[in-house]
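Only one structure is covered here, and it is reproduced in the block below.
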Amino acid sequence: MQKKKFKTESQKLLDMMINSIYTHKEIFLRELISNASDAIDKLYYRSLTDDSVKLKREDYKITIEADKDGRNLIISDNGCGMTKDELENNLGTIAKSGSFDFKKENSDKTDVDIIGQFGVGFYSAFMVSDKITVVSKAYGSDEAWKWESEGVDGYTIEPCEKEEAGTTITMHLKEDTEDEKYSDYLDEYTIRRLVKKYSDYIRYPIKMDVETEKLKEGTKDEYEKVIETETLNSMIPLWKKNQSEVTDEEYANFYRDKFYDYEAPAKVITQKSEGLSTFEALLFIPEHAPFDYYTKNFEKGLELYSSGVLITEKCKELLPDYFGFVRGIVDSADLTLNISRETLQHDRQLKVIAKAIEKKIRTELAKMLEEDREKYEKFWAAFGLQLKYGLYEGYGANKENLKDLVLFTSSKDKKLATLKEYVSRAKEDQKSIYYACAETVDKALMLPQVEAVISKGYEVLCLTDDVDEFAFKMMHDYDGKEFKNVCTDKLDIATEEENKELKEENENSKEMLNFMKESIGDKVFAVRFTNTLGDHPVSLSSEGEVSVEMEKVLSKMPASEGMSPKAQTVMEINKSHPIAAKLKELYETDKDKLAKYSKILYAQARLINGLALDNPSELSSLVCDLMI
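Count the sequence shown with my numbering and you get residues 4 to 631, in order.
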């Protein structure tokens with residue numbers, strides 16, 4: 004029999020398809036099952052208008068058979084089948100897609116949902132096979148045809164016998180090598196795994212005969228091996244069902260099985276959208292963060308399906324980083340896939356879907372915050388840090404999305420509060436949102452400036468994560484109220500009269516304060532009196548955009564090596580504390596002792612602000628000198 008050449012660029016193109024287009028060899032099974040599903044779809048749609056098609060929906064099936072002795076993997080369907088010309092056109096011409104043509108011809112029918120687009124998926128079988136035989140019989144035809152090929156050299160077509168309409172593909176698997184064990188694709192477990200992974204939601208049953216042991220009839224302990232036909236796929240995706248039809252337990256079991264979690268999800272989100280892009284989504288907010296969530300090894304992303312066929316396990320484009328904790332599935336028939344159906348040709352559709360998903364997640368989190376505060380605070384403990392990183396990223400570009408979802412501990416009752424709640428409780432003339440940074444809430448509340456701000460009737464937010472102040476800097480304000488660190492020179496809690504008195508005090512003591520600054524050295528930018536320390540003698544504040552706390556954070560970053568920005572540290576002395584009078588007295592009578600006092604006060608200020616001492620030994624010596 005004369006072998007026919009492929010109608011395209013033959014060897015070069017086929018080589019490219021087999022060796023370059025597909026990332027993983029195992030993808031071939033997905034492609035052949037998808038093609039079988041398309042063939043059944045075509046016959047099913049035909050049955051809607053053609054009474055000669057007697058098959059009912061429940062009659063359709065795809066079967067898989069593993070012939071280990073012959074090294075053959077066989078996939079069959081009872082779909083539309085192919086005529087000789089269709090075999091010639093669809094298989095003899097690489098990249099000729101009968102499914103694509105069918106979809107074009109029926110574009111006016113909204114219920115047409117054919118998977119195939121490019122007609123190259125069939126050739127992925129050559130990645131694992133050295134010979135492929137296709138036997139097909141078109142529905143309603145009396146003729147059956149056999150197409151056979153060993154790859155790039157071409158193919159043959161000849162008449163054959165086939166009882167029922169449909170297509171049977173027989174792949175003779177390549178011999179095993181050191182690098183590839185092709186015989187694994189004949190293993191029952193491997194076939195089950197691949198069907199579950201890629202084709203679990205094909206709408207028709209995928210059946211396979213499996214050998215099992217059953218109790219022998221009439222005996223109590225004798226077993227015999229029997230062959231049973233099993234359906235390997237679920238067929239109907241959970242996300243295709245109405246939410247009212249699915250129980251909480253079903254959602255929880257699906258989540259645990261799909262995403263390997265030991266707990267039920269904290270929240271289930273379902274979404275169906277039609278319009279610019281039609282898609283369905285089933286999303287889960289986990290009860291706890293994965294062990295590697297805050298590491299560089301964590302990969303965000305949703306499972307992306309096209310008409311029930313898995314395209315990619317982690318499509319990171321569907322989630323912003325700050326919602327990267329969300330797990331779930333997105334299924335859309337509108338995706339424009341690349342030739343291998345593994346990735347998208349362009350991202351416009353993904354962007355539309357991603358924007359809708361982001362909005363849905365934000366809405367559901369806001370709803371949880373409003374309706375179930377206890378559950379939201381538990382969620383916040385697990386993933387709140389990521390939302391705060393989201394505020395910081397993009398120079399505050401995500402402010403509107405996240406500003407009402409973040410929580411901070413308030414000085415009011417040491418409970419978590421939203422920014423909206425803070426503002427609602429603010430004094431009528433309050434222009435700022437006050438905050439303090441420290442390692443813990445208790446340490447923040449012990450800062451002298453915090454006590455002073457609270458004594459004036461203002462509320463203070465306690466920031467305990469490294470990213471917190473950076474996030475506030477990016478946000479700049481909330482509802483017109485600027486964020487203000489209580490440990491800066493911009494604290495505005497004093498009256499005009501008090502500020503006038505303070506200005507005069509600093510002017511009159513300018514020479515003494517400069518002397519103290521010189522005694523401490525370049526560790527401080529300035530020394531000045533203040534009226535914002537309550538009963539405390541001394542503390543540190545800063546000038547400019549970099550606070551003392553921000554300097555601490557930046558200095559811990561990798562490869563900073565002294566190159567990180569420094570705060571313009573100011574040592575502030577309480578002008579109303581007895582120590583102020585003592586300093587003035589020493590300036591007139593004993594400048595050497597004043598220099599020692601200055602260094603001791605600076606060390607005290609560092610300790611109060613949670614900073615390590617530059618030279619503990621020096622402090623010990625200074626204290627001992629004053630005690631003798």
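C-beta atoms are modelled at their ideal positions from N, C-alpha and C, and glycine is treated no differently. Since the model is a prediction, treat every value here as computed from it, not as a measurement.
For the candidate residues the options, whose alpha-carbon lies nearest to that of residue i?
i, options, result
"D416", "R376, F386, G387 and I457", "I457"
"S55", "Y142, D41 and D62", "Y142"
"P268", "L286, K275 and D525", "L286"
"K354", "F282, Y425 and K71", "F282"
"S144", "K275, M85, S579 and R376", "M85"
"E79", "W148, I160, A168 and K28", "A small fix is needed here, since residue 79 is Ser in this sequence, not Glu. Out of W148, I160, A168 and K28, A168 has the C-alpha closest to the C-alpha of S79."
"V556", "A455, A441, L307 and L448", "A441"
"E89", "S620, V138 and S544", "V138"
"G124", "H175, N93, S558 and E252", "N93"
"K87", "S558, T173 and C163", "C163"
"D224", "Y258, I230 and E216", "E216"
"Y48", "R74, G82, E29 and I77", "G82"
"S427", "K446, D445 and D407", "D407"
"K127", "E166, E424 and L176", "Reading off the sequence shown, one finds Ser at residue 127, where the question assumed Lys. Measuring from the Cα of S127, the nearest candidate turns out to be L176."
"T232", "I496, K219, E191 and R259", "E191"
"N618", "D295, I523 and E220", "I523"
"L3", "F328, F326, R351 and G327", "There is simply no residue 3 to check, as the chain begins at 4 and stops at 631 in what is shown."
"W575", "L448, Q452 and A497", "Correcting the residue type first, residue 575 is Glu in the shown sequence and not Trp. Ranking the options by Cα distance to E575, first place goes to Q452."
"K140", "F129, K165 and E161", "K165"
List the residues that DSSP assigns as beta-bridge partners of residue i.
i, result
"N577", "T533"
"G169", "K140"
"H539", "Answer is none; H539 lacks a bridge partner."
"H175", "N75 and K134"
"A439", "C465"
"N300", "Its beta-bridge partners do not exist; DSSP assigns none."
"C83", "For C83, which the question treats as bridged, DSSP gives no partner whatsoever."
"M553", "The partner list for M553 (beta bridge, DSSP) is empty, contrary to what the question assumes."
"P240", "According to DSSP, which records beta bridges pairwise, P240 is partnered with nothing at all."
Return the CA-CA distance between residue i and residue j, expressed in angstroms with no decimal places.
i, j, result
"F473", "G311", "43 Å"
"I611", "S542", "7 Å"
"P208", "A284", "23 Å"
"L494", "L390", "28 Å"
"G393", "T193", "41 Å"
"A336", "V271", "23 Å"
"K199", "S309", "15 Å"
"A98", "E252", "For A98, the pLDDT reaches just 45, beneath the cut-off of 50, and the residue's location in the model is therefore unreliable, although a value from the coordinates is still provided. If you take the alpha carbons of A98 and E252, they lie about 45 Å apart."
"Y265", "F301", "18 Å"
"L321", "L422", "28 Å"
"A359", "S186", "44 Å"
"L368", "D375", "10 Å"
"V470", "L197", "42 Å"
"K64", "R33", "15 Å"
"L604", "E462", "28 Å"
"S558", "G460", "34 Å"
"N188", "A400", "Here residue 188 turns out to be Tyr, not Asn, going by the sequence shown. Using only the alpha carbons, I get a separation of about 49 Å."
"I172", "L35", "9 Å"
"Y204", "F411", "43 Å"
"S512", "S601", "14 Å"
"Y1", "E227", "As shown, the chain starts at 4 and ends at 631. That puts residue 1 outside it, with no answer to give."
"Y254", "I288", "12 Å"
"I77", "E61", "22 Å"
Which same chain residues, not among the five before or five after residue i, have their C-beta less than 7 Å away from its C-beta?
i, result
"D114", "Here D114 scores only 48 on pLDDT, less than 50, and its place in the model should not be relied on; the value that follows carries that caveat. There are no such residues."
"T443", "T467"
"K578", "L505, E508, F532, T533 and N534"
Taking 6 Å as the limit between beta carbons, can you name the residues of its chain near residue i, skipping five residues before and five after?
i, result
"L313", "Y201"
"Y590", "M515 and L597"
"A420", "S413"
"Q1", "Residue 1 lies beyond the stretch modelled for the chain, which goes from 4 to 631, so this question has no answer here."
"C318", "G304, L305 and L307"
Skipping 5 residues on each side, what residues in its chain have a beta carbon closer than 8 Å to that of residue i?
i, result
"D116", "Since pLDDT at D116 reaches only 46, below the 50 mark, its modelled position is unreliable, and the value read off the structure follows with that caveat. Only D44, S310 and A336 meet the Cβ criterion."
"Q5", "T159"
"W242", "T273, E283, A284, L285, I332 and D334"
"M371", "K270, K378, Y379 and F382"
"L616", "A606, R609, L610 and L622"
Q: Evaluate the contact criterion for the region 153-166 versus the region 131-145: three or more CB pairs, one atom per stretch, below 8 Å.
A: yes
(Q) Measuring CB atoms only, is the region 518-532 touching the region 569-580, in the sense that at least three cross pairs come out at less than 8 Å? (A) With the rule of 3 Cβ pairs closer than 8 Å, the region 518-532 counts as touching the region 569-580.
Q | Contact the region 504-522 vs the region 577-596: 3+ CB pairs below 8 Å | A | yes
(Q) Does the contact criterion of 3 or more C-beta pairs under 8 Å hold for the region 204-222 versus the region 66-79? (A) yes
Q. Do the region 608-622 and the region 538-552 touch if we need at least three Cβ pairs shorter than 8 Å?
A. yes
Q: Give a yes or no on contact between the region 426-440 and the region 478-488, applying the rule of three or more CB pairs nearer than 8 Å.
A: yes
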